[in-house]
Amino acid sequence: MNFDLNDEQQEIRRTAHEFLASRFPPSKVRELAEARSYDDALWKEIAELGWPGIAIDEDDGGQGLGVVELAVLLEEAGYACAPSPLLGSAGAALVISAAGSNEQRAEWLPKLASGEATGSFGGFGQAANGEAEGTLFCDLPTADVVVTFHHGGAFLAPASELDFETIEAIDATRSYGLITEPTGDPMPGDVDGGRDRLAVAIAAELTGIAQRTMEMAVEYARERQQFGRPIGAYQAVGHRCAAMLLATEESRSLSYYAAWTADAEPESLPIAAAMAGARAADAGWQVPASALQVFGGIGFTWEHDLQFWLKRGRVAGRLLGTPRDHRERVADLSGLGSGEPVPA
Amino acid sequence: MDLTLTDSEAAFRDEVRSWLEENHPGPSPEGDDQAEFGFRRAWQKRMHEAGWAGLSWPEEYGGRGATLIEQSIFNEELARQRVPLPANVLGLVMGGPVVIAHGNESQKERYLEPILSGDEIWCQGFSEPESGSDLASLKTRAVKANGSWKVTGQKVWTTYAHEAKYCMLLARTDQDAPKHKGITYFILDMDQPGVEVRPLRQLTGEAEFNEIFLEEAEVPDENIVGEVGAGWQVAITTLMFERAGLGAAAVMGLKRTMEDLLALVRERGLDGDPVIRQRIAELQIGIEAMRLGSLRALTQTMKTGIPGPEGSLSKWQWADYNQALTELGNEVLGPEGMRVGTDWSYRFLRSRANSIEGGTTEVLKNIIAERVLGLPRLR
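Next up, the structure:
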């Protein structure tokens, strides 16, 4: 039993952390967010590092590593708040890998792995009034291929065949769109497995967002003086920071465990992914929101960088359904569904 | 990253599991404290004879020298099979390890075997009425007199004091030293005129704890553990190791409570209630996050050899989740949950102490803020 990254995974983390810190400092995040665009040259660099294909099989042109390695990269991408189509592309590739036909895999995975094509994903559910309701599709405006979840199945379509609308989301560090109806060829494989892996990928990014905003708040609480002492010396602030750590660590534990089950123990993946999805979505919103309270007025200004993580965390936590949806699935899989109770 | 057990870890788990299945003593007798304690003594004896008592103790002192992961597996199996606690739980997890770490050879010779067998029960005299979270402010004092010490003061929240032969006692031996430096760690013989034990009735109605009144109680020099004035360090190392390996058992306890809650929810036909489903799911997620966090902490402790301050997170999680679980159980029961003496009304009331006993949640948050996050000293 060893619940820690191995040496190779630590190395991936170190490399990703340094690369993202140098290419996407907060000033670059702001520049790209205010322009609502990605930097093609930086995407080319990311592609050359092999990130979009890290979890794609070597036979399909990828690096053949696992969901754990992808989670490491995405946690760092969330930490940096890096504007790039990485989540859409790597996410679409996870679903195509699990659920795509041989033709679909052959057509798209090599191009996604090399970064020559980018991907997007999203889904349709049912709103309370009974009408079909689409989620935001991540990285849709720039995507070449789109995965659409609908009624327990998934469809794959070239973006050129879709009617879509670009959405200016509150999160400007990523591009989003809406499609009018589910379109494309059905994906014949393990759609649930693909969707679960995608939920884990998103959870990893949210963990990075929580980690970074916690660090920002703690650093500020150490320095900011009011009433003659650092605000971090007040229990009201210190205990808030402790709660941020707890939320972040819970999110991290659940995300990495779920990533590990995807690679090593797939029978445990469904509930692990639902748990990670729920807790990471909560942490990815609550921790930045709590950080904003620590910052006080300055955190509410446009000038302050916290807003980029805060908004991205809110949107990312709702990409594949709400935390409530994830918890509903947990309840179902915990013995409150139609099936037999799961023994402890 | 590899969360599967190694072959030897899995073999250990199988050995523990099958031994417990064959030797499980059944449920403890209820309603008679004497009978219950006797039952637990007998259970400890059986564990000791099979070599399971003092699992983490070195082999030379009668233990098994188990690794942290083995301790964790063992405690998890105990909780999984709802095995009763051994009678001398404080001697096994605190008294013995302190004597092993800080005691001299004659103390090891004298005290360890009867702790393992359960023949001599130990209790812990740390907290005082005026010294709860600020333990180092304790006032019980020991005065030197001809090769022994006379101890006067009051201790509170002492479990098993009425059954105990010995008490791990912290007392102030130097009134002038800084508060952490003037404390000495004694092994007090409970069987003497200067020691009076009174049961402390708690809001659940039962008396799980005691108060100890000390009036010139005598402790010979040879019953000091470590140096005079070094009692705080001796106590702290014990407290740190007390929790090592216990996380898994705490998680398994929560899982057992969750199983009972799920059964109750189904029995009451509330399994389709959307609010109950959300609350159950939230708790399932919390318990699983605690389980995984404990495994991560265990991995770190095995690498560094020392449990880190992150252990405070588990204690906080455990208190929060157990309180939320028992509140929900109590709520699901409706009017029946308001009746004295039912299982859920007891658990619900008892859990209120979880965020106080063994370190209040507020103190744990202070530790996390200061020692993990590096914030200034909190006030």
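Chains A and B are the protein sequences, given in the same order. If you count by my numbering, then the first sequence holds residues 1 to 344, one letter each, in order. If you count by my numbering, then the second sequence holds residues 345 to 723, one letter each, in order. Ideal placement from N, C-alpha and C gives every residue a C-beta, glycine not left out.
- Contact fails between the region 181-193 of chain A and the region 684-694 of chain B, because fewer than three Cβ pairs, one in each stretch, are under 8 Å apart.
- For R426(B), no chain A residue has a C-beta closer than 8 Å to its own C-beta; the minimum C-beta separation is roughly 11 Å.
- According to DSSP, V495(B) shares a beta bridge with A486(B), A561(B).
- Counting only runs that start and end inside the region 103-157 of chain A, the beta strand (DSSP E) elements of at least 3 residues fall at 119-126, 132-134, 145-150.
- Only residues of its own chain outside the window of five on either side were considered, and among them I711, R715, V716 have a CB closer than 6 Å to the CB of P653(B), listed in chain order.
- Beta bridge pairing from DSSP links L532(B) with C511(B).
- At a cut-off of 8 Å between C-beta atoms, V218(A) counts as an interface residue with respect to chain B.
- Under DSSP, C241(A) forms no beta bridge with any residue.
- When V67(A), L140(A), Q63(A) are compared, the shortest CA-CA separation from S175(A) is found for L140(A).
- Under the Cβ criterion of 8 Å, P720(B) is counted among the residues facing chain A.
- Beyond the five residues adjoining it in sequence on each side, W363(B) comes within less than 8 Å, by CB distance, of A394, W396 in the same chain, given in chain order.
- Nearest in C-alpha terms to C467(B), of all of K499(B), S477(B), C511(B), V443(B), is C511(B).
- V487(B) and K494(B) do touch by the CB rule: their CB atoms are close to 5 Å apart, below 8 Å.
- Apart from sequence neighbours up to five positions away, the residues of its chain that approach A132(A) with a beta-carbon distance below 7 Å are F124, Q126, ordered along the chain.
- By the Cβ test, the region 48-60 of chain A is not in contact with the region 22-29 of chain A, since fewer than three Cβ pairs between them sit closer than 8 Å.
- Non-local C-beta neighbours of W660(B) in its own chain, meaning closer than 6 Å and more than five positions away in sequence, comprise T705, L708, ordered along the chain.
- In chain order, A117 place their CB closer than 7 Å to the CB of K111(A), counting only its own chain and leaving out the 5 sequence neighbours on each side.
- Unbroken alpha helix (DSSP H) stretches of 4 residues or longer found wholly inside the region 244-303 of chain A: 269-295, given in chain order.
- The C-beta distance from R610(B) to E328(A) rounds to 17 Å, too long to fall under 8 Å, and the pair is not in contact.
- Under a 10 Å Cβ-count criterion, W302(A) is classified as exposed, with fewer than 16 other Cβ atoms of the shown protein chains found around its own Cβ.
- Of all residues in the region 222-237 of chain A, the ones placed with a Cβ closer than 9 Å to any Cβ belonging to chain B are R222, R229, P230, G232, A233, Y234, Q235, V237, in chain order.
- At a cut-off of 8 Å between beta carbons, E366(B) makes no contact with chain A.
- In summary, D163(A) is exposed, with fewer than 16 beta-carbon neighbours lying within 10 Å of its beta-carbon over all protein chains present.
- For R516(B), DSSP records a beta bridge to R485(B), I527(B).
- DSSP, read as helix, strand or coil, puts Y38(A) in coil.
- With the rule of 3 Cβ pairs closer than 8 Å, the region 77-97 of chain A counts as touching the region 195-209 of chain A.
- D346(B) belongs to the set of residues whose beta carbon lies under 8 Å from a beta carbon in chain A.
- The Cβ atoms of G122(A) and T142(A) lie no closer than 8 Å to each other.
- The region 540-560 of chain B and the region 595-612 of chain B do not touch, with fewer than three beta-carbon pairs separated by less than 8 Å.
- Taking a C-beta distance under 8 Å as the contact criterion, H506(B) and P458(B) do not qualify as a contact pair.
- For Y79(A), there are no neighbours in chain B by C-beta distance under 9 Å, as the nearest C-beta there is about 17 Å away.
- Within a 10 Å sphere around the beta-carbon of R312(A) sit 16 or more other beta-carbons, which makes this residue buried.
- Not one beta carbon of chain A lies nearer than 8 Å to the beta carbon of N567(B).
- Excluding its 5 nearest sequence neighbours in each direction, V443(B) has C-beta neighbours in its own chain below 7 Å: Q451, K452, Y455, L456, V569, listed in chain order.
- Apart from the 5 residues on each side of it in sequence, L672(B) sits with its Cβ closer than 8 Å to the Cβ of L605, I620, R623, I624, L627 in its chain, given in chain order.
- Judged by DSSP in its simplified three-state form, A505(B) adopts coil rather than helix or strand.
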